[in-house]
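These notes concern the structure reproduced below.
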Amino acid sequence: MPSDPRANPSQPSGVPAAGTVVTGEFDATKARKQSTLVLRRFFRHRLAVASLAVFTLIVLFGLLGPLFWTIPVDDTTSRGYLPPSPAHPLGTNQTGKDMLAQLIVGTRLSVQIALVVALGSTIVGVALGALAGYLRGFVDSAISRFTDLMLIIPQIAVAAILVRAFDGSWYTVAFILAAFAWMQTARITRGETLSLAQREFIEAARAAGARTRWIIFRHLVPNMVGTITVNTTLAVATAVLSEAALSFIGLGVQPPDTSLGLIINENYSQITSRPWLFWGPFVVIVLLSLAVNFIGDGLRDAFDPRQTKVRA
Amino acid sequence: MSTKRSSLPIAAVVGTSLLLSACGGTTGDGGGATEPTGDVAAMAVSKGQSGDEYTSPEVPQSSDTFIVSTDNPYTAYNNQTSDANNSYNAFALTMVLSGAYKLDGNNKVLLNKDVMEGVEVTSESPQTVSWKIKPGVVWSDGEAWDCDDFYLTWLSQAGKAKGADGKDLFLAAGTTGYELVDKVECKTPTEVVTTFSTTYPDYKGLFGVRNDILPAHVLEKATGVADVTTLTPTGGDQAALAKAAEFWKTKWNGFDAALMPSSAQYVITAFEQDSSVTLERNPKWAGKPGGPAKIVLRGISDQVAQAQALENGDVHVNSMAQPDVNAAERLRGLSGQKVVFGAANGLSFEHLDLNYKNKWLADAAVRRAFMQCVNREELTDKLIRPVLENAKPLGSLTFFQGEEGYTDNYAQYKGDAAEAKKTLESAGFTFGGDGFAAKNGEKVTLKISHTAIPRRKQTVELIQSQCKAAGFEIVDDTDSNFLDTRVSKGDYDIALFAWSAAPFKSQQKSIYETGGGQNWSAYSNPKVDAAFNDGVSNLDEAKSRAAYQEADKLLAADNYSLPLFQLPNMWAFKSIDKVYFQSYNGALWNANEWVKTS
Amino acid sequence: MIRFITRRLLISVPILLVGSFLCFFMVAGAGNPVAELRAKPGVTEAQVRALEVSLGLDQPIIVRYWTWLVNFLRGDWGQSIALGQAKVDIFDSVMRGLWVTARLVIGAEVLAIVFGVAVGVLAAVKQYSIFDYIATSSAFLMFSMPVVCVAVILKTYGIQFNNLLESLGMDRWLTTVSPAEGGFSGGFGDWLFSYTGTYLLPTLTLTLISFAAYSRFQRASMLETLNSDYVRTARAKGISQRRVIFRHAFRNAMIPVTTLFSLNAAVLFSGAIITETVFGWKGMGNLLVQSVRTFDPNMLMGWLMVTAALVVVFNLVADLMYGILDPRIRLA
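Chain order of the listed sequences is A, B and C.
Going by the working numbering, the letters in the first sequence line up with residues 1 to 312, in that order.
Going by the working numbering, the letters in the second sequence line up with residues 1001 to 1598, in that order.
Going by the working numbering, the letters in the third sequence line up with residues 2001 to 2332, in that order.
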């Protein structure tokens, strides 16, 4: 899947000069104040806090699960397709692997993939977007054309090649997803940079002879921190779903690694005959992406309180 | 479906097939009566066959349309070109192109009495066969179905017609058997005489079983060649031959009603590329007309989607050449809705080839130990039985289960890691602290190479854990290019793939004979070579079979290749009296006999 | 305007060239389409080699790409080289796939935009109302579900719904596979019945997914504009609520939705892959997956040319739309 066919929901600032929100100038004291403010506002958002708790639980489930559930994930000594029992609360799969153990590892790898993708795509997207928006001219066109190029190359083709060449372990899949996830971040960042770059404090810094790298990382990026954080959070949710989509056509994570998407793909047709095989991973994946989306929403409101106070 | 039917003995069945009872697919609650009880195995025998002959039976002609789904769509009328050849074309053509012989559900060879008077071996040295066509058999466009068509079949597939540059003009998908035919003569329009260069017991597989008799008159008309029988592979009118070859290769793809008449029960009337092909009753058919008025064969690549389409009534028959556990489970759960599910062993089997070029595997003890640790019972149980409930590990490289002559030569290999370890020990291997076997301080590591198919991944995963206890370190080598360059260079330790065979045996020779074209593991045993040479050329069926059995036994003793299991085909249907998936020609092989049930 | 369009189209030419080159190399280098032949007993290396020669596989990839490019520029899209495909014509296949997918996607996208925008505006205007909560939470839920799950659940329960209809003595309505060959027949009632039955499930799958995005997006951007100075000013001037919303806020709030639409274009056609797989439609998604699986770079090129052209056109249209929606954005 060239990414999930859903763009980022809560980030309307994709267009240059229209609808961008500028949080204001940056300096250290204010930043501390701002981050305290943001945190305080975030924690007032009950749904977001609950989601953070859910997300933490899911991560803990993936990380600490193996300590409490000791059946090895690659153990095939049980019979295939056992129904749920105390020995196998979620039954076993076709080759006799314990589904709970699968689910624990799948959750961990899915979260791992999603985090790597979100961070990776944000770093690349922000760097390229800020460069393009700040330097403009040749660099801007070059980066824009590169973005256009990545938009037409089918992710599936790249996935098919890389998954085959590198055995489809989780980091291969993370790389593929990240390689096709940064374009939107780049566009948004470019748009914001374009409007920020016109402002006095940037012009002042430039006049004072500051280097490009300095301006971008000391002035531009901190001023976009709200947008970037929200965007990164939401990219986590998108990555979880994109991984599932890629797995469905057999180009995601390959055994012996596993992921929520792979488990769903292997078991979706058992939705009526062995419901536990489908609904287990389904609930985890939906909770995971729902929680992350709510956290993102909470963060957006926290960074930009004006939106929540509208009275129409 | 009627609910009571006595079960027939299964012993005589090639593809061991059976009725799979249903328990909602969840927990086998046992006890309760299972529905339906229609014996699917019995459906392998068609209504029209008696003894070694087939005649289309009288069935009520209905106005029904049956929609049949299969994994891939139909692509070409000429299924013998190397770029079109695939089994899904045969699935439709089996009702469109007649031949001298046909196969029943058990791959029993039947003389096609609708169009043939008889076939006779008139001399054994050199072998000559006389094929007598029934007079009056015509194509659906009215032209006679006769010797010209047989002649073209041979001309195009013998691989002997070479262009000026020495390249094969026709580039047929296979030349098996036809390349041994020296000449084809038309004694009369309805009598064909073929002369073989060496004896060839599989001659019944020529002229028709592969749906390969195409309308010579269509080719003549389109190319301006007056008479194809005047063309010869070498010498003669080379320009005309090249023209004929060009037409044969390119014009019988896709669909064009004018170029693609029928010589069997149904004629192609519509085609939607990538999707479906429509067959309707052939009004000019020589035998008794088919029952259903119309049959649509659709390609639905996802097997679960096929099963759901049947469940929802969008299609009437599912036919799947690739086994899929999820689809099987689903279909089995539909017995309450009068869906009959069947599964039967098909014509391909998975196996592990042990490469003699590998330094460990060159040692017979290592090969033996490896075969001892692989638990084929567990592999079959977990990978195949969810589809075919009574599947058994395959015990022969040359015969399929249930086939006459099948003996289990691999019964001693039961997946006993302790025994394997003992074998290694007595061959001088030591075991390190990690439990892995080693010799001269070097650990025994073996790679199993295969293409990226989920079932093969699972196979390797299971073998890894089975053979670990015996001291083998097994590495999974998944490579989608494995069959490209690596296999033919013998670049592997252990190769895992499936041989998909036609129901005739002579093709096996090149896999196992010394220096054979597909013997990539440097295997060589003069006794095996001799046995195969005898098998492929002995016209006495019993002696030929004994030769293949001998070869099989010798192969097993050499521990060269371990057969795992046969890959089952599966099918399901609703509201039709009997449907069976013929492992070579698909579900439509007896579609002319289908009768709708309520 | 014309200059702008021409320039944009000209810029996309080198991008297409580089993109096609990369994709061709990836797929052609990934594997050999005829390799599977070796698993048939009796097939000789000479036969495999001869087939490779006849398909042009003996040439270096760069030569194959060049041949493809020259032929493409002459209007010949080439033939498939996948095993068993009988050298099917690529232009034919791609157009067929496009037609299938277009029928599926356009309907879904229109429904998603109409409902998404409407719900988004309402939810923003009535922020924190019951409606907002329901709309927001259901959008979040849809948004958090893998497409495959939506499709599978809809299909499973669609079949059960049919069973229910049948038990009530009615005809089965919903179909789980692509339209039958030859189209629909019968009177208008029958036609409508089978048309809706065939399209409903896959269209609904795609609609639900995009709907979530559009409604969330619209709500967010609507809130932002409602909160902006000019809307406050308009409101302060005593302009009616209705007029404020529709004349001032709505128009500007549409801009980000337009962006979303144009971004969606890239994945619009290929994004239907899963829906197509689950429902057995042979559209563009199927074409892409097959061409990659069977190592058929020629087919992939056909797919790529059409999709890339669509991406370029959609982006262009979106940019033109900005100009209409917001006169401040000038095209340059």
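C-beta: ideal position from N, C-alpha, C; glycine also.
{"Item": "To the nearest angstrom, how far is it from the Cα of Ala1417(B) to the Cα of Leu2055(C)?", "Value": "48 Å"}
{"Item": "Which runs of the beta strand (DSSP E) fall wholly inside the stretch 1460 to 1526 of chain B and span at least 3 residues, in chain order?", "Value": "1473 to 1478, 1494 to 1500"}
{"Item": "Chain B partners of Gly2285(C), CB-CB under 9 Å?", "Value": "Within 9 Å Cβ-Cβ: nothing; Gly2285(C) doesn't reach chain B, min ~11 Å."}
{"Item": "Assign Pro1036(B) to one of three DSSP states: helix, strand, or coil.", "Value": "Caution is warranted here: a pLDDT of 37 is assigned to Pro1036(B), below 50, making its placement in the model unreliable, and the coordinate value is therefore given only provisionally. Looking at Pro1036(B) - three-state DSSP - the assignment turns out to be coil, as it is neither helix nor strand."}
{"Item": "Have a look at the DSSP bridge pairing and note the partners of Leu1352(B).", "Value": "Leu1496(B), Leu1562(B)"}
{"Item": "Considering Cα atoms alone, identify which of Ile104(A), Gly120(A), Gln112(A), Gly298(A) is closest to Phe68(A).", "Value": "Ile104(A)"}
{"Item": "For Ala1242(B) versus Leu1152(B), is the C-beta distance shorter than 8 Å?", "Value": "no"}
{"Item": "Taking Cβ positions only, does Ser273(A) come closer than 8 Å to chain B?", "Value": "yes"}
{"Item": "Do the stretch 1379 to 1397 of chain B and the stretch 1484 to 1491 of chain B meet, that is, are 3 or more Cβ pairs less than 8 Å apart?", "Value": "no"}
{"Item": "Measuring straight from C-alpha to C-alpha, what distance separates Asn2252(C) and Ala245(A)?", "Value": "33 Å"}
{"Item": "For Gln1401(B), which residues in the same chain have their Cβ closer than 7 Å to its Cβ, ignoring the five residues on either side in sequence?", "Value": "Thr1016, Asn1345, Lys1392, Leu1394, Gln1566"}
{"Item": "Please say whether Pro1563(B) and Ser1396(B) have beta carbons closer to each other than 8 Å?", "Value": "yes"}
{"Item": "Is it a yes or a no for the stretch 2194 to 2213 of chain C touching the stretch 2144 to 2163 of chain C, going by three-plus beta-carbon pairs under 8 Å?", "Value": "yes"}
{"Item": "Please report whether the beta-carbon of Gln2241(C) lies at a distance below 8 Å from any beta-carbon of chain B.", "Value": "no"}
{"Item": "Is the separation between the beta-carbon of Val286(A) and that of Ala118(A) shorter than 8 Å?", "Value": "no"}
{"Item": "Consider the Cβ of Ala186(A): report whether some Cβ of chain C lies at a distance smaller than 8 Å.", "Value": "no"}
{"Item": "Give the secondary structure of Met1095(B) by DSSP, where H, G and I count as helix, E and B as strand, and everything else as coil.", "Value": "coil"}
{"Item": "Does DSSP classify Leu1567(B) as helix, strand or coil?", "Value": "strand"}
{"Item": "Determine the DSSP secondary structure at Pro2(A), reduced to helix, strand or coil.", "Value": "Residue placement at Pro2(A) is flagged as unreliable, the pLDDT there being 39, under the threshold of 50; a coordinate-derived value is accordingly withheld."}
{"Item": "Going along the chain, which residues of its own chain have a beta-carbon closer than 7 Å to the beta-carbon of Trp2281(C), five neighbours each way excluded?", "Value": "Val2100, Leu2104, Ser2178, Pro2202"}
{"Item": "Out of curiosity, what's the CA-to-CA distance linking Tyr76(A) and Leu1446(B)?", "Value": "For the sequence presented, residue 76(A) should be read as Thr rather than Tyr. Each residue's Cα considered, the two are about 20 Å apart."}
{"Item": "Tell me, to the nearest whole angstrom, how far the beta carbon of Ala1557(B) is from that of Ala2086(C); I am working on the premise that it is less than 8 Å.", "Value": "Ala1557(B) to Ala2086(C), Cβ: 44 Å. No contact."}
{"Item": "Determine, using beta carbons only, whether Ala2030(C) comes closer than 8 Å to chain A.", "Value": "yes"}
{"Item": "Does chain A have any CB closer than 8 Å to the CB of Glu1389(B)?", "Value": "no"}
{"Item": "Hey, is the stretch 1211 to 1224 of chain B in contact with the stretch 1547 to 1555 of chain B, meaning 3+ C-beta pairs nearer than 8 Å?", "Value": "no"}
{"Item": "List the residues of chain A that Thr1478(B) touches, going by C-beta distances under 9 Å, in chain order.", "Value": "Arg164, Asp167, Gly168, Gln254"}
{"Item": "Count the other C-beta atoms from every protein chain shown that fall within 10 angstroms of the C-beta of Val2062(C), then say buried if there are 16 or more, exposed otherwise.", "Value": "Here residue 2062(C) is Ile; the residue named in the question, Val, does not match the sequence. Exposed."}
{"Item": "If you scan the stretch 1228 to 1288 of chain B from start to end, which runs of the beta strand (DSSP E) of 3 or more residues do you find wholly inside it?", "Value": "1266 to 1272, 1276 to 1281"}
{"Item": "When you compare the CB positions of Ser1056(B) and Gly1208(B), do they come within less than 8 Å of one another, or not?", "Value": "no"}
{"Item": "Note down, in chain order, each residue of its chain lying with its Cβ closer than 7 Å to the Cβ of Tyr1101(B), except the 5 sequence neighbours on either side.", "Value": "Val1109, Leu1110, Leu1111, Asn1112, Lys1204, Gly1208, Val1209"}
{"Item": "Using CA atoms only, rank isn't needed, just tell me which of Ser2215(C), Ile2005(C), Ile2239(C) is closest to Phe2115(C).", "Value": "Ser2215(C)"}
{"Item": "For Thr1576(B), name the three-state secondary structure that DSSP assigns.", "Value": "The identity of residue 1576(B) in the sequence shown is Ile, whereas the question assumes Thr. Correct three-state label for Ile1576(B): strand."}
{"Item": "Alpha carbon to alpha carbon, how far is Phe2217(C) from Asp2171(C)? Give it in angstroms, no decimals.", "Value": "40 Å"}
{"Item": "Scan the stretch 1370 to 1397 of chain B for residues whose Cβ lies nearer than 9 Å to a Cβ of chain A and list them as they occur along the chain.", "Value": "Glu1378, Asp1381, Lys1382, Leu1383, Arg1385, Pro1386"}
{"Item": "Does any C-beta atom of chain B lie closer than 8 Å to the C-beta of Val2150(C)?", "Value": "no"}
{"Item": "Within the stretch 2059 to 2083 of chain C, note down every full beta strand (DSSP E) run reaching 3 residues or more, in order along the chain.", "Value": "none"}
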